[in-house]
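Okay, structure first, notes after.
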Amino acid sequence: MPGIIIPPLPGPEPPQRRWALPWRLPRRWGLLLLLAPMLAPSPLAAQDFSSGFAAVVERVWPAVVNVSVTALNNEPLTEAESLAPALPPPAPPSQNAASDAKAADQKTAHATGKDGTENGTAENGATGSAPGAGGMANAMTGTPMARMLRERMRARHVKLVGSGFIIDKAGLIVTNYHVIAKAAALDVTLADGTILPARVVGADDFSDIAILRVDPPHPLPVVTWGDSSKLRAGEWVIAIGNPFGLGTSISVGTFSARGRDIGADPYDDFLQIDAAINPGNSGGPLFDIHGQVVGINTATEAPAGGSVGIGFAIPSEFALSVIDVLRSQHHIERGWLGARFTGNALAPQDDGVEIDRLQPGGPGAASGLRVADRLLAVNGDPVETPRDVVRDVAALAPGTTAEITLRRHGHDLQIPVVIGRRPSLGGE
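Count along the sequence shown from 1, add 19, and you get the number used in this note's numbering.
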């Protein structure tokens, strides 16, 4: 009819996309299904996990080296040795270095935690008796000739092993001081098997860090430094080194804590890890999961002569501060007070530490410190343990004057002390 508009009949609705589900699910289940593709591991992630740490190790391996130390064993004779029969002439050295390393006496970590002189193997150290030599040896027991021969054997060269890593393509290598402390000669074996003679260009026994130099025929691969202060408990770490002289080996574990004091020296501030650290690992690098050096493997808690799952490494941020000085000055002069202290075990309510002994003529005695003085602060920084005092004083340059706050007979005093130069580790 004119003037009347008839709307079109509604047609079928356009199709809408829906999840093809066999039954209707609550909305929350649909949301979980939507998230499932994002939560599922990608093939790449699964592949990375299945390959372990191979990619990281392949990248850093070329910058890790083995350190071989030839040292002269000049230890004095014991009474038993001075009366013992003379040994027959030494046999030729073994051609199997790995077997030598396994058979050698292993000086593992002691109360200080360090592996000391590592994995000594006698270069000419065959023992036993040659055929027909027993009667002659017994006849010489206790004679001057027997003693002379024993002295000769005691003064033989021994082989020690350790680890290191390259920090400069021109041939600078970092290791532990205790690895090279008794070295008469040094060799470094690169990852490709090249053996190069090495020399010490910087060493600091207080921090247990040393720098070696080799003259390579070509630029060497180097490590990348990381920041150990950013490590979190539970993060993966990778230790690479030369345990027991077997050759470059890998152990993997987790980082547990920083600031560990194992009683080795006053600068103890170790990272604790559970990657296996054994004699021969000392001086090797500790890597994070990104392949950056976060520590120098140094010590292990090994009362049974092997790794028990607790290792220690020098933190990278401290190591770098020492290495920078050693590269330019070759040694570090540290402050020294010439005093020995006791803590607060007997009087925990007292502040500071008590002077137990003063080195005659030392900086402390010369400046007026007295035994039984209770030292409270160094340049205004409070001290609570003997370790605090030694660390604070060691950080001062020899010849500078420090303000020592102490308590004497109930009165607090401030005494200026001219700081001396610290002798080698082991001095008071």
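Using N, Cα and C, we set each Cβ at its ideal position, and we do this for glycine too.
Inter-residue distance for Ala189 and Ala414 is about 31 angstroms (C-alpha atoms, whole angstroms). Its chain contains Glu373 and Asp375 as the residues whose beta carbon lies nearer than 6 angstroms to that of Thr361, once the 5 sequence neighbours on both sides are disregarded; these appear in chain order. The way I'd put it, the segment 259 to 278 doesn't touch the segment 237 to 244; fewer than three beta-carbon pairs between them come closer than 8 angstroms. With contacts defined as CB atoms closer than 8 angstroms, Ser182 and Gly302 qualify as a contacting pair. A residue is called buried once 16 or more other Cβ atoms fall within 10 Å of its Cβ, and Arg441 is buried on that count.
Rounded to whole angstroms, the gap between the alpha carbons of Arg389 and Ile351 is 28 angstroms. Counting only residues of its own chain and dropping the five nearest sequence neighbours on each side, Arg393 has a CB closer than 8 angstroms to the CB of Asp369, Asp370, Gly371, Val372, Glu373, Ile374, Leu425, Arg426 and Arg427.
By alpha-carbon distance to Pro298, the top candidate from Arg251, Leu305, Thr317 and Val219 is Thr317. Cβ-Cβ separation between Phe225 and Arg406: approximately 13 angstroms, too far for a contact (criterion under 8 angstroms). Under DSSP, Val193 shares a beta bridge with Phe184 and Ile230.
For Asp246, no alpha helix (DSSP H) run applies, since DSSP gives it neither H nor E. Here Ala203 is near Ala90, since their CB atoms are less than 8 angstroms apart. Take the alpha-carbon of His349 and the one of Ala222: they are about 7 angstroms apart. Sorting Ala391, Gly429, Leu265 and Ser386 by C-alpha distance to the C-alpha of Ala421 places Ser386 at the top. Here Asp293 is near Thr273, since their CB atoms are less than 8 angstroms apart.
DSSP places Ser301 in the coil class of the three-state scheme, outside both helix and strand. For Ile342, the uninterrupted alpha helix (DSSP H) run begins and ends at Ser335 to Gln348, by DSSP. Rounded to whole angstroms, the separation of the alpha carbons of Asp431 and Ile315 is 42 angstroms. Pro334 sits away from Ser270, with the two beta carbons spaced by 8 angstroms or more. Across the set Arg359, Pro382 and Gly380, the C-alpha of Arg359 shows the shortest separation from the C-alpha of Val409. Rounded to whole angstroms, Pro379 and Gly439 show a C-alpha spacing of 13 angstroms. Beyond the five residues adjoining it in sequence on each side, Ile214 comes within less than 6 angstroms, by CB distance, of Asp206 and Thr208 in the same chain, given in chain order. Here the alpha carbon of Val88 sits roughly 25 angstroms from the alpha carbon of Val313.
Looking at the DSSP output, Pro435 bridges to Glu422. Residue state for Gly310 is assigned as coil, using DSSP reduced to three classes. Counting only residues of its own chain and dropping the five nearest sequence neighbours on each side, Trp255 has a CB closer than 7 angstroms to the CB of Val271, Thr273 and Ile308.
Per DSSP, the continuous beta strand (DSSP E) segment holding Pro216 begins and ends at Ile214 to Asp223. The Cβ atoms of Pro382 and Val436 sit closer than 8 angstroms to each other.
Under the three-state reduction of DSSP, Ala413 is assigned to helix.
In the same chain as Pro235, and ignoring 5 residues on each side of it, the C-beta atoms closer than 6 angstroms to its own belong to Gly190, in chain order.
Counting other Cβ atoms within 10 Å of its Cβ, Lys249 stays below 16 and is therefore classed as exposed.
With 16 or more other CB atoms across the displayed protein chains lying within 10 angstroms of its CB, Pro304 is buried.
Distance from Val84 to Ile192 at the Cβ level is roughly 6 angstroms; contact confirmed, criterion being Cβ atoms closer than 8 angstroms. In the DSSP assignment, no residue is bridged to Glu77. Annotation for Pro81: Ala210 and Pro240 place their beta carbon closer than 6 angstroms to its own, counting only its chain and skipping 5 residues before and after.
In the structure shown, the three-state DSSP call for Pro442 is coil.
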